[in-house]
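Undergrad: Take this structure first; my questions come after.
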Amino acid sequence: MKILVLNCGSSSVKYKLIESDNKEVLAEGGVEKIGLPDSFLKFKRPDGSKETIVVDMPDAKEAVRQVLKVLADPKEGVIKSYDEIQAVGHRVVHGMEKFNKSVLITPEVIEKVKECYPVAPLHNPANITGIEAVTDILPSVPQVAVFDTAFHQTMPPKAYMYALPYEDYEKYGVRRYGFHGTSHRYVSRRACEFLGLPYEKQRIITCHIGNGASITAIKDGVSVDTSMGLTPTEGLMMGTRVGDVDPGALVYLMKRLNLDADGLMKLINKESGVAGVSGISSDMRDIEAAVAAGDEKAILALDMYEYRILKYIGAYAAVLDGVDVIVFTGGVGENQTGTRQVVCDHLKYLGVTFNAEANKTRGKEIEISGPDSKVHVVVIPTDEEMMIARDTAEIVSAL
Numbered sequence: 163m164k165i166l167v168l169n170c171g172s173s174s175v176k177y178k179l180i181e182s183d184n185k186e187v188l189a190e191g192g193v194e195k196i197g198l199p200d201s202f203l204k205f206k207r208p209d210g211s212k213e214t215i216v217v218d219m220p221d222a223k224e225a226v227r228q229v230l231k232v233l234a235d236p237k238e239g240v241i242k243s244y245d246e247i248q249a250v251g252h253r254v255v256h257g258m259e260k261f262n263k264s265v266l267i268t269p270e271v272i273e274k275v276k277e278c279y280p281v282a283p284l285h286n287p288a289n290i291t292g293i294e295a296v297t298d299i300l301p302s303v304p305q306v307a308v309f310d311t312a313f314h315q316t317m318p319p320k321a322y323m324y325a326l327p328y329e330d331y332e333k334y335g336v337r338r339y340g341f342h343g344t345s346h347r348y349v350s351r352r353a354c355e356f357l358g359l360p361y362e363k364q365r366i367i368t369c370h371i372g373n374g375a376s377i378t379a380i381k382d383g384v385s386v387d388t389s390m391g392l393t394p395t396e397g398l399m400m401g402t403r404v405g406d407v408d409p410g411a412l413v414y415l416m417k418r419l420n421l422d423a424d425g426l427m428k429l430i431n432k433e434s435g436v437a438g439v440s441g442i443s444s445d446m447r448d449i450e451a452a453v454a455a456g457d458e459k460a461i462l463a464l465d466m467y468e469y470r471i472l473k474y475i476g477a478y479a480a481v482l483d484g485v486d487v488i489v490f491t492g493g494v495g496e497n498q499t500g501t502r503q504v505v506c507d508h509l510k511y512l513g514v515t516f517n518a519e520a521n522k523t524r525g526k527e528i529e530i531s532g533p534d535s536k537v538h539v540v541v542i543p544t545d546e547e548m549m550i551a552r553d554t555a556e557i558v559s560a561l
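Heads up: the sequence shown begins at 163 in my numbering, then just goes up one per residue.
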């Protein structure tokens, strides 16, 4: 089954065309700067070469149309007609408590996703725009929504509730939801396949570490706690997001800086994290270079970043009554060997031993713990698109 996987943002669209039967990626690429004069589409050819096309795309509908046009292009395309696309799977960021699994998209589902707009004002509207664009262009093709939050709906109340007045949960749905669920679900299961372990009998800590970052505790195949909260701002220090912070400090800054709610959201989402502390960049490669040059703020930012990863791993080891597998994934988790080593060197109390030679590997599946380690530590590149395609194939095949 040929499945088009779409991740629609407010100004971008990422896509992959996947043959679900053999898990082959037939095409992939993305659109950027939607609505701007210099919008463009980039894609990768089967031989690995890349192409960029500058084309006017005033909205997401036109962006999706251009993606389909490239897929069916006589020269660059991989399909002869749109009829070859048998289903479309969409990444949808927030499902609140309305969705605990992937679902076939119906008008009722769309309305429920729209009800989640207040807690995901940047992401969910863009996701719906992508769904509506496909409906207009490919009206007979079934579509599936795969939610970032769904995997974490197994968390118990003691993990997901905030110590706010209970009516705030009842009336407004204020609680921990967690994100990156599709990634955590994929890498935790894939890690056990890679190691030859039964997934439903493991205590796993998955570390999705990148510009956005979260850590999840998984016991017997289900999420029991995760670091992100009502929004993706809570938890670890990230590229530009603040992570855990005293809410009283935010109230203080609102008064001192004369910020309204939008100004505060900009501060904690766009101006904080690694970029805010270092004053250099949100890109960890730039931070590593600055650390090597002796920049004190960069050193502090990296120390803070790694320290918070350690804190969450320690907390979740306690929650799980121990840990069998630790997984690194995401841009930093898959490629930043120094951070992986720093973290592992501080986990000796858990029985972790470290294989420095194996750790030199970047972007590939590898076990970086030693043969005598009591905990398996592995690097598993995430593949959220493949998980979305898998869910989509299962749901559409059952129609």
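Note that CB positions come from ideal geometry on N, CA and C, so glycine has one too.
Computed from a predicted model, the values in this text were never measured in an experiment.
Across which residues does DSSP place R531 in a beta bridge pair?
TA: The residue labelled residue 531 in the question sits at position 369 within the sequence shown. It should be pointed out that residue 531 corresponds to Ser in this sequence rather than to Arg. Per DSSP, F516.
Undergrad: Secondary structure at N169, three-state DSSP: helix, strand or coil?
TA: Against the sequence shown, residue 169 aligns to sequence position 7. If DSSP states are grouped into helix, strand and coil, N169 belongs with the strands.
Undergrad: Just verifying my parser: in three-state terms, what is the DSSP assignment at C506?
TA: In the sequence shown, the residue the question calls residue 506 occupies position 344. C506: helix per DSSP, three-state reduction.
Undergrad: Just to confirm, are H256 and N286 a CB contact at a threshold of 7 angstroms?
TA: Numbered from 1 along the sequence shown, position 94 holds the residue referred to as residue 256. Numbered from 1 along the sequence shown, position 124 holds the residue referred to as residue 286. Closer than 7 angstroms, so yes.
Undergrad: So the candidates are V413, R418, R365; which of them puts its Cα closest to the Cα of A479?
TA: By one-based count along the sequence shown, residue 479 stands at place 317. Selected option, being the one with the closest Cα: R365.
Undergrad: Is L392 helix, strand or coil by DSSP?
TA: Here the question's residue 392 lines up with position 230 in the sequence shown. Of the three classes helix, strand and coil, the one that applies to L392 here is coil, per DSSP.
Undergrad: At what residue ranges does the region 353-387 contain a whole run of the beta strand (DSSP E), taking only runs of 3 or more?
TA: Counting whole runs of 3 or more residues, the region 353-387 contains the beta strand (DSSP E) stretches 365-371, 375-381.
Undergrad: Confirm, please, whether the CB-CB distance from V386 to A379 is below 7 angstroms.
TA: For the purposes of this step, residue 379 is taken as residue 217 along the sequence shown, with counting starting at 1. For the purposes of this step, residue 386 is taken as residue 224 along the sequence shown, with counting starting at 1. Yes. Within cutoff.
Undergrad: Is the CB-CB distance between G492 and G372 below 7 angstroms?
TA: Here residue 492 is taken as the residue at index 330 of the sequence shown, counted from 1. Here residue 372 is taken as the residue at index 210 of the sequence shown, counted from 1. Yes. Within cutoff.
Undergrad: Which class does G257 belong to by DSSP, given the choice of helix, strand or coil?
TA: Translated into positions along the sequence shown, residue 257 becomes position 95. If DSSP states are grouped into helix, strand and coil, G257 belongs with coil.
Undergrad: Apart from the five residues just before and just after A437, which ones in its own chain have a Cβ nearer than 7 angstroms to its Cβ?
TA: Translated into the one-based positions of the sequence shown, residue 437 becomes position 275. Excluding sequence neighbours, A437 sits near G401, T402, S443, S444.
Undergrad: Going straight from the alpha carbon of Y244 to that of P236, what length do you get?
TA: Position 82 of the sequence shown, counted from the start, is the residue given in the question as residue 244. Position 74 of the sequence shown, counted from the start, is the residue given in the question as residue 236. Those two C-alpha atoms are separated by around 12 angstroms.
Undergrad: Whole angstroms are fine: how far does the CA of V167 sit from the CA of S389?
TA: Locating residue 389 in the sequence shown gives position 227, counting from the first residue. Locating residue 167 in the sequence shown gives position 5, counting from the first residue. Approximately 26 angstroms, taken between the alpha carbons.
Undergrad: Identify the continuous alpha helix (DSSP H) that holds S440 and give its terminal residues.
TA: Residue mapping note: residue 440 aligns to position 278 of the sequence shown, counting from 1. Element bounds for S440: 435-440.
Undergrad: Checking 7 angstroms against the spacing of the C-beta atoms, do A288 and C170 come in under that value?
TA: Sequence index remark: in the sequence shown, residue 288 carries index 126 (1-based). Sequence index remark: in the sequence shown, residue 170 carries index 8 (1-based). Closer than 7 angstroms, so yes.
Undergrad: For my contact list, L179 and L233 are in at a C-beta cut-off of 8 angstroms; report their separation, rounded to the angstrom.
TA: Position 17 of the sequence shown holds residue 179. Position 71 of the sequence shown holds residue 233. Between L233 and L179 the Cβ distance is about 6 angstroms, and since that is below 8 angstroms, they are a contact.
Undergrad: Could you tell me whether the Cβ atoms of T311 and G343 are closer together than 7 angstroms?
TA: Locating residue 311 in the sequence shown gives position 149, where the first residue counts as 1. Locating residue 343 in the sequence shown gives position 181, where the first residue counts as 1. Cβ distance < 7 angstroms, so T311 and G343 count as in contact.
Undergrad: Output the boundary residues of the beta strand (DSSP E) element that contains L419.
TA: Working through the sequence shown from its first residue, we reach residue 419 at position 257. Looking at the DSSP string, L419 is not in any beta strand (DSSP E), and its letter there is neither H nor E.
Undergrad: For F202, I'd like the list of residues in its chain whose CB is within less than 8 angstroms of its CB, leaving aside the five on either flank, ordered along the chain.
TA: Looking up residue 202 in the sequence shown gives position 40. V193, E194, K195, T214, I215, V216, V217, listed in sequence order.
Undergrad: Please list the terminal residues of the continuous beta strand (DSSP E) segment that includes G495.
TA: Against the sequence shown, residue 495 aligns to sequence position 333. G495 -> not in any beta strand (DSSP E); alpha helix (DSSP H) instead, spanning 492-497.
Undergrad: With C223 as the anchor, note down where its alpha helix (DSSP H) starts and where it stops.
TA: The residue labelled residue 223 in the question sits at position 61 within the sequence shown. Rather than Cys, the amino acid found at residue 223 in this sequence is Lys. Segment 222-233, the alpha helix (DSSP H) holding K223.
Undergrad: Assuming contact is defined by CB atoms lying nearer than 7 angstroms, are N591 and T499 in contact in what I supplied?
TA: Nothing about residue 591 can be reported from this structure: the residues present for the chain run from 163 to 561 only.
Undergrad: How far does the beta strand (DSSP E) with L326 in it extend, from its first residue to its last?
TA: Within the sequence shown, the letter at position 164 stands for residue 326. Segment: none, L326 is in no beta strand (DSSP E) and carries neither H nor E.
Undergrad: Where does L300 sit, in a helix, a strand or coil, going by DSSP?
TA: As a working note, residue 300 is residue 138 in the sequence shown. DSSP places L300 in coil when its eight states are reduced to three.
Undergrad: Relative to the C-alpha of R347, which residue among E433, V504, D382, Q228 is closest?
TA: Position 185 of the sequence shown, counted from the start, is the residue given in the question as residue 347. R347 has its Cα closest to that of D382, out of E433, V504, D382, Q228.
Undergrad: Given this structure, state the Cα-to-Cα distance separating V453 from S440, to the nearest angstrom.
TA: One-based indexing of the sequence shown puts residue 453 at position 291. One-based indexing of the sequence shown puts residue 440 at position 278. If you take the alpha carbons of V453 and S440, they lie about 10 angstroms apart.
Undergrad: Can you tell me whether DSSP reads Y322 as helix, strand or coil?
TA: For the purposes of this step, residue 322 is taken as residue 160 along the sequence shown, with counting starting at 1. Y322 falls in the helix class under three-state DSSP.
Undergrad: Give the DSSP-derived three-state secondary structure of G191 in the structure shown.
TA: Translated into the one-based positions of the sequence shown, residue 191 becomes position 29. Correct three-state label for G191: strand.
Undergrad: May I ask you to report which of helix, strand or coil DSSP gives V413?
TA: As a position in the sequence shown, residue 413 is number 251, starting the count at 1. Helix at V413.
Undergrad: In three-state terms, what does DSSP make of Q248?
TA: Here residue 248 refers to the residue found at position 86 when the sequence shown is read from its first residue. The answer is coil: DSSP assigns Q248 none of H, G, I, E or B.
Undergrad: For H342, name the three-state secondary structure that DSSP assigns.
TA: Here residue 342 refers to the residue found at position 180 when the sequence shown is read from its first residue. Reduced to three states, the DSSP call for H342 is coil.
Undergrad: Less than 7 angstroms separating the beta-carbons of M446 and V494?
TA: Counting from one through the sequence shown, the residue named residue 446 turns up at place 284. Counting from one through the sequence shown, the residue named residue 494 turns up at place 332. Yes, these two residues count as a Cβ contact at 7 angstroms.
Undergrad: Which of the three DSSP states is assigned to V558 in this structure?
TA: Along the sequence shown, read from residue 1 onward, the residue named residue 558 stands at position 396. Reduced to three states, the DSSP call for V558 is helix.
Undergrad: DSSP three-state call for I449: helix, strand or coil?
TA: Against the sequence shown, residue 449 aligns to sequence position 287. Of the three classes helix, strand and coil, the one that applies to I449 here is helix, per DSSP.
Undergrad: Contact defined as beta carbons within less than 8 angstroms: I believe G292 pairs with H252. What is the distance between those atoms, to the nearest angstrom?
TA: Your numbering for residue 292 matches position 130 in the sequence shown. Your numbering for residue 252 matches position 90 in the sequence shown. With a Cβ gap of about 6 angstroms, G292 and H252 count as contacting.
Undergrad: Hey, could you find the ends of the beta strand (DSSP E) V216 is sitting in?
TA: Start at 1 with the first residue of the sequence shown, and residue 216 comes out as number 54. Unbroken beta strand (DSSP E) run through V216: 212-216.
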